[in-house]
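**Q** I have a structure I would like to understand better, so I am pasting it below and will then ask my questions one at a time.
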Amino acid sequence: MSADAATTISLLKPDSRTRRRNAAEARFRSYGIAAIVISVFALVFLLSSVLTNGLSAFTQTFLVMDVTLDAAVLDKSGNRDIEEMKKVTTIGYGTFLQKAVIAELEAKGISTEGVSAAEVGGLLSKEASGQLRDKVLADPGLLGKTIRFETYATGRVDGYFKGRVTMESAALDKNTSPEQLELADRMRAAGLLTVSFNPGFLFGPDASELRPESAGLGIAILGSAYMMILVLVMALPIGVAASIYLEEFAARNRFTDIIEVNIANLAAVPSIVFGILGLALFINFVGLPQSTPVVGALVLTLMTLPTIIIATRASLKSVPPSIREAALGVGASKMQTVFHHVLPLAMPGILTGTIIGMAQALGETAPLLLIGMVAFVRDYPAAPPEGFFDPAAALPVQVYNWTQRADPAFVERASGAIIVLLVFLLIMNIIAIVLRRRFERRW
Amino acid sequence: MEAVAKDISVATDAFGGNKIEATNVQVYYGDAHAIKDVSVKISERSVTSFIGPSGCGKSTFLRCINRMNDTIDGCRVDGTITLDNEDIYDKRVDPVQLRARVGMVFQKPNPFPKSIYDNVAYGPRIHGMVRGKDETDELVQSSLKRAGLWEEVKDRLLEPGTGLSGGQQQRLCIARAIATRPEVLLMDEPCSALDPIATAIIEELIDELRENFTICIVTHSMQQAARVSQKTAFFHLGKLIEEGPTEEIFTNPRDKKTQDYITGRIG
Amino acid sequence: MNAGLLALLVVVIAAAGFILGRRRSLAIVDGEIIRLHSLPGYYGQSVFLFAAAPALLVMLVWMLAQPAIIDSRVSALIPIESIEEGSSLGLIMSDVRRIADGLDIVVAQGRLSEDQVQNMRADLTDVRDRLADVGVALGSNVKQAVFVAAKEYRQLTGFARLAMSVVVLVLALAGAVFAYAKISPDYRARNVSETAIKSLLILSSTVAILTTVGIVLSLVFETVEFFRLYPAQDFFLSAVWNPQFRGGSDLGILPLLWGTLFVSFIALAFAVPIGMMAAIYLAEYATPAVRSVVKPAIEVLAGIPTIVYGLFALITVGPLLRDYLAQPLGLGSSSSSVLTAGLVMGIMLIPFVSSLSDDVINAVPQAMRDGSYGLGATRSETVRQVILPAALPGIVGAILLAASRAIGETMIVVMGAGAAAKLSLNPFEAMTTITVKIVSQLTGDTEFASPETLVAFALGLSLFIVTLGLNIIALYVVRKYREQYE
Ligand SMILES: Nc1ncnc2c1ncn2[C@@H]1O[C@H](COP(=O)(O)OP(=O)(O)O)[C@@H](O)[C@H]1O
Ligand SMILES: [Mg+2]
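Protein chains in written order, with the working numbering: chain A, 1 to 443; chain B, 1001 to 1267; chain C, 2001 to 2486.
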């Protein structure tokens, strides 16, 4: 045997082959590091891209000024009769506001050179006249008084302050002009225009294509919340019941095999297919109303069930058999054993799985598109339970909706909506992690 | 006692030269001190067995000898261990090269999910010891023969190694280990997962291998230690309590703990 | 009485039954619980179950069946000739329902009495105006035939609702009385209640089967309908996708299939090596400190909804690729492209591949690694020559699952790949996929019964079959692999 030959080689001097092998080792290792770096970089890039695009959605350019509500213009009959006052349309209020702004500019000594009266009015959101009208109709007593009126500036001015709109792009844009933007600069210097936090983005309803400045997430957040409530109420009991049966009672037979295979497959069925199911079954067949939280929740429940069942079963499995034997040993029935001893011990794991399943459901978009949640909804759904049957939007669908609109201002809002969505997901995941840490048990 | 042992020259050893010398070896797993100040000499071409109650650090010490402990996170080894008077924990030593010279056989047979042939050829291939198919064939055959497995598997070399019986698998692992032509063979309870017949075959094999290899074997069976080894070292709670010729340890232990252990009072 | 209230009432009856049943069981044995077969609570539960379960079940079935029955009776009242061009029975029926609801509100608000409504005629009164007063907007003036149908609808619904309330309440009470009467010390109340609970558990676990059946049925029915309107061989073999509003569409799946496969291929080509190397590095090389940071970071990627990736493709990756690659190379000028969608989908799949590979790699027993290191193999040799071959079936399974994910992914391709159905090899061109077209055909304005809409179901069925096939093979391979080490 050549064992002796090997002894002549000193361990302290690596031979060339070992050096080559170590080089290969180092190369392989660097591939691994590269893979990690790419993955982490992708994550950072993704998140920073969303953040940089979306953070500005939480602030908005407001016009704040004192407006004297001239009764002669806004209530021609002079007798404060609401029906009479309604005859002044938003267009009338628009002209009125336009004059008020021009007057304010003159009073503050801001030059409007090169900007027509209509263009001055065009600095305001198209929402403004309606807002003022609603305000007056709600309280006719305001007529004749001077009130502090705050409204959105148009999306172009807002974009200009946020750097989205430039003088060059304005020159090509028929909706705004460089002169208007220069005027906006002067108005900002004079304190007429301010950029500040905009609660309307979080709580307001969606707005049409032409008024991105007033589009908000209120209905979408409410719709998503309604769906999450329903998903929780439906998926948790069904999921837990199914898991208890499969884990604690079911005999190994054909029937349970079929169920197992079904669950495993459902977990991997594309989400859009669930959307088709929702459309065909819940809307066309059962006749539930389109674009409502209840249909969305049904679809999301079916999608979330496999996640919950898989987590629950793992959690039940981790309860040691000795606990079951102990309970059965003192004469408890199988059902009592499960509900009195096993289930409570498995609960933290079940809840963690449920929250993670719901987090998935919250971000799910494709199936909701198919059940009509892309529809433009401007009215808040009522309080539950009726509200479950009212049309609503959903957070991720709202994002999609906004990306389909032409005005680039909606890109900012879509990214802002993503931030809101991610914050909700973060909260849910943190709750899940805390639950797991808190109740983690080592047997 | 260790200090004295150190001074005794290699030549005075009853079984030829010392292949391995461990001096003041300490092993820590994180904060746990698993091996406490162990010094021992292992003679060339003989079988040394490590005995002791479970958890006393036999495996840990064995794994120090081919630096398998390097693969465990949080494991730290202090002291020196030399192989042919070269410190194997020297910074310049590549454990990969070391392990080609100090092979290892594990408690549970662990053939790779490859063919019997590929299992044996694996080591020589990665170390570049064979060129071409003929050389590999020859080495595989000679290794299997030495491991006493050739006759049983020569017709099914391309079948998976995992298809063999437990005893055969363990002999395959021995064949795999000796295929890299190591000088030292470490065996960690190689028979504990086997039935008595398979155990007897392996014990016989160890006795044959002694001619060419320096063998260290961990065993929990005192009979086995008595049957196969020339020297025995007794570990207790991470310390080396006593070492010496096997006969002496079993018939005339110097330490009370050793006596208690071999008479079955601790363990 | 509305459904919520009715259900609540049933629950109240059942709850009362629970309390009474419990009390009665105690009373029969003069408080000596030991003489009862079951604990008093179980007697209560048995009453509760008998009261609530049949009543609620009947109510559910009733509510599902009622609209269909009433619709069919009412729509018979609408003469075919009154259906105008561009309208349909479905639209008229929704008007009917809206009018009926409006009339309900009118009566509820006391603007008109029940009699007045009964005598109202659409050709004499401006129904549209009246309903507008109570906030029910109608698209056009109401025809008398429709109005009659609406009144009939209202009457039938009212009657049905009343009938349902009565039936359900009677059932609840009867159940409660029946179970209450049965209470005796020997009555095995616990077994009754446990059997009932067990049936509930079994019922819940069949939801998974029902869902699959629902998916298959809804896809198959409409697909059959589609193939009746559009030849199947054209669908499967035509290389042109060109839907038209006015019929004569080309609805070939091939360009969509090509787009789907192209995008998925790019995604997998990106995600599989990176995801696997990341998993290998984390499992075999990384220190615990690195692992504890990087692993959650990669898992975060997995928790991000696909709409976020879609937006990322749309506003960041698409323009980047266009400006820095496609345009300088003269390969295209569209920001939506196969490459955009493929890359972003690849990012999405990295955590999927890496966590599946991680499972698979960790399932390879430590003894394999020890065996290899013990022979003097380096880590990379061990990974490449021992671990990966051992893990191969599991990894193949993981890749198949990832492929099925990629093929079924919707939002990223909707927002990143484009809408043009094309058979091209240029990854910088916008192409479209099966999922994109399912969304666009089902969210468009075309009529439901047209081939242009129904094709979405055929596409959905094709998608379902392909992904199901991949999943089943993957699950089978992974299961076999797990067994190898168990
Ligand atoms: N990988 C490890 N990590 C931490 N502690 C370990 C590890 N391996 C062994 N130990 C500890 O080191 C001590 C010695 O173990 P070991 O060498 O396996 O004993 P033996 O082989 O004699 O039964 C034991 O207390 C054991 O718990
Ligand atoms: Mg050991």
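Every residue, glycine too, gets a C-beta built ideally from N, C-alpha and C. Just so it is clear, the structure is predicted and the values come from calculations on it, not from any experiment.
Counting contacts by CB-CB distance shorter than 8 Å, is Thr18 (chain A) in contact with chain B?
**A** yes
**Q** Any beta carbon from chain A within less than 8 Å of Glu2114 (chain C)'s own beta carbon?
**A** no
**Q** For the region 1066 to 1095 of chain B, enumerate the residues whose C-beta is nearer than 7 Å to any C-beta of chain A, in chain order.
**A** Leu1083, Asp1084, Glu1086, Ile1088, Asp1090, Arg1092, Val1093 and Asp1094
**Q** Around ligand 2, which residues pass a check of Cβ closer than 7 Å to any of its heavy atoms?
**A** B:Ser1054, B:Lys1058, B:Ser1059, B:Gln1107, B:Asp1188, B:Glu1189 and B:Val1218
**Q** Please list the partners that Arg29 (chain A) has in chain C, where partner means a Cβ-to-Cβ separation under 8 Å.
**A** Tyr2281, Tyr2285, Arg2379 and Ser2380
**Q** Taking the alpha carbon of Met1104 (chain B) as the point to measure from, which residue in B:Gly1167, B:Ile1072, B:Pro1245 and B:Arg1181 has its own alpha carbon closest?
**A** B:Arg1181
**Q** Can Ile1072 (chain B) be considered in contact with ligand 1, in the sense that its beta carbon sits closer than 7 Å to one or more heavy atoms?
**A** yes
**Q** Within the 8 Å Cβ cut-off, does Leu12 (chain A) reach chain B?
**A** With 8 Å as the cut-off, Leu12 (chain A) counts as an interface residue toward chain B.
**Q** What residues from chain A crowd round Leu1098 (chain B), counting only those whose CB sits closer than 8 Å?
**A** Leu11
**Q** With a CB to CB cut of under 8 Å and the five nearest residues on each side skipped, what residues in its chain are close to Ala382 (chain A)?
**A** Asp390
**Q** Please state the DSSP three-state secondary structure of Val377 (chain A).
**A** Shown here, Val377 (chain A) sits in coil according to DSSP, grouped into three states, outside any helix or strand.
**Q** I'd like the ranges of any alpha helix (DSSP H) spanning at least 4 consecutive residues and lying wholly in the region 171 to 239 of chain A.
**A** 178 to 189 and 199 to 203
**Q** Decide if Glu2381 (chain C) is buried, meaning its Cβ has at least 16 other Cβ atoms within 10 Å, or exposed.
**A** buried
**Q** For the region 327 to 389 of chain A, which segments carrying the beta strand (DSSP E) assignment without a break, of at least 3 residues, lie completely within its bounds, in sequence order?
**A** none
**Q** If you scan the region 2324 to 2384 of chain C from start to end, which runs of the beta strand (DSSP E) of 3 or more residues do you find wholly inside it?
**A** Not a single unbroken stretch of the beta strand (DSSP E) spanning 3 or more residues falls wholly within the region 2324 to 2384 of chain C.
**Q** Evaluate the contact criterion for the region 2276 to 2285 of chain C versus the region 2354 to 2365 of chain C: three or more CB pairs, one atom per stretch, below 8 Å.
**A** yes
**Q** List the residues of chain C that Pro343 (chain A) touches, going by C-beta distances under 7 Å, in chain order.
**A** Going by the sequence as given, residue 343 (chain A) is Leu instead of Pro. Here the premise fails: no neighbours, minimum Cβ distance about 12 Å.
**Q** Out of curiosity, what's the CA-to-CA distance linking Ser1049 (chain B) and Cys1173 (chain B)?
**A** Computed Cα separation, rounded: 19 Å.
**Q** Comparing alpha-carbon positions, which option in B:Cys1064, B:Gln1107, B:Tyr1089 and B:Ile1020 lies nearest Gln2366 (chain C)?
**A** B:Gln1107
**Q** Tell me whether Met65 (chain A) sits in a helix, a strand or coil according to DSSP, three-state version.
**A** Of the three classes helix, strand and coil, the one that applies to Met65 (chain A) here is strand, per DSSP.
**Q** Find out if the Cβ-Cβ distance for the pair Arg1227 (chain B), Glu1203 (chain B) is shorter than 8 Å.
**A** yes
**Q** Taking C-beta pairs closer than 9 Å, name the residues in chain A that Gly1238 (chain B) reaches, listed in chain order.
**A** Per Cβ cutoff of 9 Å: no residues; Gly1238 (chain B) is ~26 Å from chain A at best.
**Q** Please report how far the alpha carbon of Leu2112 (chain C) lies from the alpha carbon of Asp379 (chain A), in whole angstroms.
**A** Cα to Cα, Leu2112 (chain C) sits roughly 27 Å from Asp379 (chain A).
**Q** Quick one: which residues of the region 2295 to 2309 of chain C get their C-beta closer than 8 Å to a C-beta of chain A? List them in chain order.
**A** Ala2297, Ile2298, Val2300, Leu2301, Gly2303, Ile2304, Pro2305, Thr2306, Ile2307, Val2308 and Tyr2309
**Q** Nearest chain C C-beta to Arg1176 (chain B) closer than 8 Å, yes or no?
**A** Interface residue, yes.
**Q** Helix, strand or coil for Pro2054 (chain C), going by three-state DSSP, please let me know.
**A** Pro2054 (chain C) falls in the helix class under three-state DSSP.
**Q** Is Ala1233 (chain B) near ligand 1, going by C-beta to nearest heavy atom under 7 Å?
**A** No - ligand 1 has no heavy atom lying nearer than 7 Å to the Cβ of Ala1233 (chain B).
**Q** What's the gap between the Cα of Ala2181 (chain C) and the Cα of Arg2130 (chain C)?
**A** Roughly 54 Å separates the two Cα atoms.
**Q** Have a look at the DSSP bridge pairing and note the partners of Asn1018 (chain B).
**A** As computed with DSSP, Asn1018 (chain B) is found in a beta bridge with B:Ser1043.
**Q** Could you compute how far the alpha carbon of Glu209 (chain A) sits from the alpha carbon of Thr176 (chain A)?
**A** Rounded to whole angstroms, Glu209 (chain A) to Thr176 (chain A) spans 16 Å at the Cα level.
**Q** Is Leu1240 (chain B) closer than 8 Å to Val1047 (chain B) when the C-beta atoms are compared?
**A** no
**Q** Less than 8 Å separating the beta-carbons of Thr301 (chain A) and Val231 (chain A)?
**A** yes
**Q** Given Ala2239 (chain C), which residues of its chain have a CB within under 7 Å of its CB, disregarding the five upstream and five downstream residues?
**A** Gly2252, Leu2254, Pro2255 and Leu2423
**Q** Identify the contact partners of Asn2362 (chain C) in chain A, using a Cβ-Cβ distance below 9 Å as the criterion.
**A** Those do not exist, as Asn2362 (chain C) stays about 16 Å from chain A at its closest Cβ, beyond 9 Å.
**Q** Does the Cβ of Asp407 (chain A) have 16 or more other Cβ atoms within 10 Å, making it buried, or fewer, making it exposed?
**A** Flag for Asp407 (chain A) reads buried.
**Q** Mind pulling the chain C residues with CB within less than 9 Å of Val377 (chain A)?
**A** In chain order: nothing, as chain C lies at least about 15 Å away.
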